[in-house]
Amino acid sequence: MSRFEINWEVIPLKLKEVFTISRGSKSEVPNVFLSITKNGITGYGEAGPNTRYDETADKVIQYLEALPEGFFDSISSADEIATELEVLKISPNVQSAKAAIEMAWMDWWGKSKEQPLWKLWGNDLPVGPVTSYTIGLDTPEKMQQKIRAADQYPVYKIKLGTDRDREIIEAIRDVTDKPLRVDANEGWTTLEQARKEIEFLSSQNVELIEQPMPAKEFDQMKELKKWSPLPLAADESFIGDENLAQISEAFHIINIKLMKIGSLVKARNV
Numbered sequence: 244m245s246r247f248e249i250n251w252e253v254i255p256l257k258l259k260e261v262f263t264i265s266r267g268s269k270s271e272v273p274n275v276f277l278s279i280t281k282n283g284i285t286g287y288g289e290a291g292p293n294t295r296y297d298e299t300a301d302k303v304i305q306y307l308e309a310l311p312e313g314f315f316d317s318i319s320s321a322d323e324i325a326t327e328l329e330v331l332k333i334s335p336n337v338q339s340a341k342a343a344i345e346m347a348w349m350d351w352w353g354k355s356k357e358q359p360l361w362k363l364w365g366n367d368l369p370v371g372p373v374t375s376y377t378i379g380l381d382t383p384e385k386m387q388q389k390i391r392a393a394d395q396y397p398v399y400k401i402k403l404g405t406d407r408d409r410e411i412i413e414a415i416r417d418v419t420d421k422p423l424r425v426d427a428n429e430g431w432t433t434l435e436q437a438r439k440e441i442e443f444l445s446s447q448n449v450e451l452i453e454q455p456m457p458a459k460e461f462d463q464m465k466e467l468k469k470w471s472p473l474p475l476a477a478d479e480s481f482i483g484d485e486n487l488a489q490i491s492e493a494f495h496i497i498n499i500k501l502m503k504i505g506s507l508v509k510a511r512n513v
């Protein structure tokens, strides 16, 4: 029986411009690209490690190197690879590496069956919600320029979590009246601050507020949810199935990120 050939490469992706959120800035992301080949068919996956969760490209490679020999050879379904990844005892546990592994196998599986993944899963033709274009933190003037340069997008996600959030929103409202989604990236540190900012934003055609407060402040987030006139979306607070009940008490929506949850199968189940 033929076996899978596995290869990976770290490729530093230089961003078109510095991307800034409330926690810091970056101009380059070192992603790890994985390929698996069998019977002349190659599947591709990609890991985007996030230092917020103590992940690096080196840790992704360490995880890939620790995969048992022949790991892919007996996999026959998406559920099976997700289960096998869950029971692996590899340390450190790198979620973005798991996502890349599952992604590569699913790409190979779809190509081997000559079917897109949504068909293999028995779904109808997917029609997703309208996504947003993200505007990173900058001076109000630079953020206005970024909005103008992205005029083709119907909705913008605006990074906030600073001491000049209102100034930023007012500047953006000078150049567009399109719907906004706001992401504070844990930047509002007190319940009082979060309430004041959300009260202002509720009059600015804002659809939702993502991760307004620090990830572990569940008691304060529960209070904020009871009061908030806008839907609250979990990002950094959401770990996976293990804290889904806790999330439901503090948020209305979850921003599910494959690099963090480590599995498209798990994401579907959520």
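Just so you know, we're using this note's numbering here: the sequence shown kicks off at 244 and counts up by one. Don't be surprised by glycine CBs; every beta carbon is placed ideally from N, CA and C.
Exposure of residue i, with buried meaning 16 or more beta-carbon neighbours within 10 Å
i	result
W348	buried
I254	exposed
S319	exposed
D408	buried
N448	exposed
R424	buried
A392	exposed
W470	exposed
S375	buried
A488	exposed
V303	buried
Residue nearest to residue i in terms of C-alpha spacing, selected from the options
i	options	result
L331	S319, L310, F315, Q447	L310
G483	P472, M502, E327, L467	M502
D394	L403, S491, S355, T419	T419
D259	F247, G267, E248, V272	Correcting the residue identity first, residue 259 is Lys in this sequence and not Asp. For the residues F247, G267, E248, V272, the minimum Cα distance to K259 belongs to V272.
A340	I490, P397, A325	A325
K400	K302, T433, E450	E450
F314	V398, K500, I249	I249
I433	E410, G267, E460, I412	With the sequence shown as reference, residue 433 is identified as Thr, and Ile is not the correct amino acid for it. Comparing Cα-Cα distances from T433 to each of E410, G267, E460, I412, the minimum goes to E460.
N512	W364, F276, S245, F247	W364
I452	E429, I304, Q338	E429
W431	Q338, Q463, G404	G404
Q239	Q305, R246, P474	Examination of residue 239 is not possible in this model, given that the chain is present from 244 through 513 alone.
CB of residue i within 8 Å of CB of residue j, strictly
i	j	result
T263	L380	yes
A427	Q387	no
W191	L307	This structure does not reach residue 191, given that the chain is present from 244 up to 513, and the question cannot be answered.
E345	L507	yes
P472	S445	yes
Q454	A437	no
G291	N274	yes
F443	K468	no
I441	K402	no
K465	E485	no
A458	E479	yes
G519	A342	Outside the shown range of the chain, which is 244 to 513, sits residue 519, and nothing can be said about it.
S270	K257	yes
I284	K354	yes
I496	A510	no
heavy atom of the ligand GDP below 7 Å from residue i C-beta
i	result
K500	Among the components modelled here there is no ligand, and therefore nothing to report on the ligand GDP.
### Task
Write down every uninterrupted run of the beta strand (DSSP E) in the stretch 458 to 513 whose length is 3 residues or greater and which is fully enclosed by it, in chain order.
475 to 477
### Task
Write down every uninterrupted run of the beta strand (DSSP E) in the stretch 252 to 310 whose length is 3 residues or greater and which is fully enclosed by it, in chain order.
267 to 281, 284 to 290
### Query
Touch check for the stretch 298 to 308 and the stretch 352 to 361: three-plus C-beta pairs under 8 Å?
no
### Query
Are the stretch 333 to 348 and the stretch 369 to 378 touching, with three or more C-beta to C-beta distances below 8 Å?
no
#### Entry: Start-end ranges of the beta strand (DSSP E) lying completely within the stretch 367 to 402, minimum 3 residues
376 to 378, 399 to 402
### Query
Are three or more beta carbon pairs between the stretch 256 to 272 and the stretch 280 to 288 nearer than 8 Å?
Result no; under three Cβ-Cβ pairs closer than 8 Å.
### Runs of alpha helix (DSSP H) wholly within the stretch 398 to 440 (minimum 4 residues, chain order)
Whole alpha helix (DSSP H) segments, 4+ residues: 408 to 416.
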